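Residues in the sequence shown are numbered consecutively from 172, following our numbering. For every residue, glycine included, the Cβ atom is placed at its ideal position computed from N, Cα and C. Because the structure is a prediction, the values reported are computed rather than measured. Below is one structure, written out as structure tokens; the observations come after it.
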Amino acid sequence: MKKIILIAGPSGAGKTTISDYLYEKYDIPRVLTHTTRPMRVGEKQNVSYHFETDDSFKQLHFFEHVKYGSYQYGSSREALNLAWEKHDLVSLIVDIQGVYSYIKQLGDKVYFLYVTTSTKEELKERLLKRGDDPEKIKERLSGNELNLLPADLKQYAHVIVNDNLNKTKETLNSIISRLEED
Ligand code: ADP
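Structure below.
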């Protein structure tokens, strides 16, 4: 059965790391997100994101879209179908509002992974190490961008406390073997 693994959680928690691992180890493709933010060094068009202009962004059919600061982010039905052509299991990094939207529209096709760390300090250190702008880090670690797990989503969430990457990988291995049996 086709399923989408939604990955949500605060910045620095390890969402990208997990999504990359699922791709490298299991060929689980990432449903690309569209964004109007500028490309960072090392990122590639249609590999890291679909980088869009404001105009091209408007033409897509979104499950959800959200504005972070001055930039738009969103994930589309077109991108999901493309990924499902490659593999029955696909993953997508999404914000909390997106989780509501996908669960509402796709029901049991959604497997929701909530990724976090034990402490906020750890997130800050990772983002500094990753080279994020300290002002942006403040923004990311406050308010909606912190992507806390709301009480009404707890029943759907498979929580991963990603303090130790090897333990996280073991957890993911058992999740994927279960999903592949479905
Ligand atoms: P997100 O996509 O959630 O913002 P990333 O996957 O980019 O987070 O991870 C943030 C940084 O933390 C990256 O530099 C990544 O290599 C590192 N990282 C990920 N998981 C761990 C971990 N378990 N322990 C230490 N560092 C980690």
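Close beta carbons around residue i, own chain, < 8 angstroms, minus the five adjacent residues each side
| i | result |
| --- | --- |
| MET172 | ASP259, LYS280 and ASP353 |
| VAL237 | GLN243, TYR244, GLY245, ASP266, GLN268 and GLY269 |
| ASP225 | THR207 and GLN243 |
Where the alpha helix (DSSP H) through residue i begins and ends
| i | result |
| --- | --- |
| LYS173 | That residue, LYS173, is in no alpha helix (DSSP H); it is neither H nor E in DSSP. |
| VAL270 | 267-277 |
| ILE189 | 186-197 |
| LYS325 | First-last for LYS325: undefined, no H or E at that position. |
| SER348 | 336-352 |
| LEU299 | 291-301 |
Terminal residues of the beta strand (DSSP E) in which residue i lies
| i | result |
| --- | --- |
| TYR285 | 281-287 |
| GLU235 | 233-239 |
| SER247 | 242-247 |
| SER262 | 260-264 |
| ALA328 | 328-332 |
Any non-hydrogen atom of the ligand ADP within 8 angstroms of residue i CB
| i | result |
| --- | --- |
| GLY185 | yes |
| ARG211 | no |
| THR342 | no |
| LEU193 | no |
| ILE176 | no |
| LYS257 | no |
Alpha-carbon to alpha-carbon, residue j and residue i
| i | j | result |
| --- | --- | --- |
| VAL332 | LYS291 | 12 angstroms |
| ILE308 | ARG297 | 10 angstroms |
| ALA184 | ALA254 | 24 angstroms |
| ASP191 | PRO200 | 9 angstroms |
| LYS338 | VAL212 | 30 angstroms |
| VAL330 | GLY180 | 10 angstroms |
| LEU312 | ARG349 | 33 angstroms |
| ASN315 | ASP198 | 31 angstroms |
| ILE274 | PRO305 | 34 angstroms |
| LEU317 | ASP303 | 15 angstroms |
| LEU251 | SER289 | 31 angstroms |
Nonlocal neighbours in the same chain, by C-beta distance under 7 angstroms from residue i, ignoring five residues either side
| i | result |
| --- | --- |
| SER227 | none |
Close beta carbons around residue i, own chain, < 6 angstroms, minus the five adjacent residues each side
| i | result |
| --- | --- |
| LEU193 | ILE199 and SER262 |
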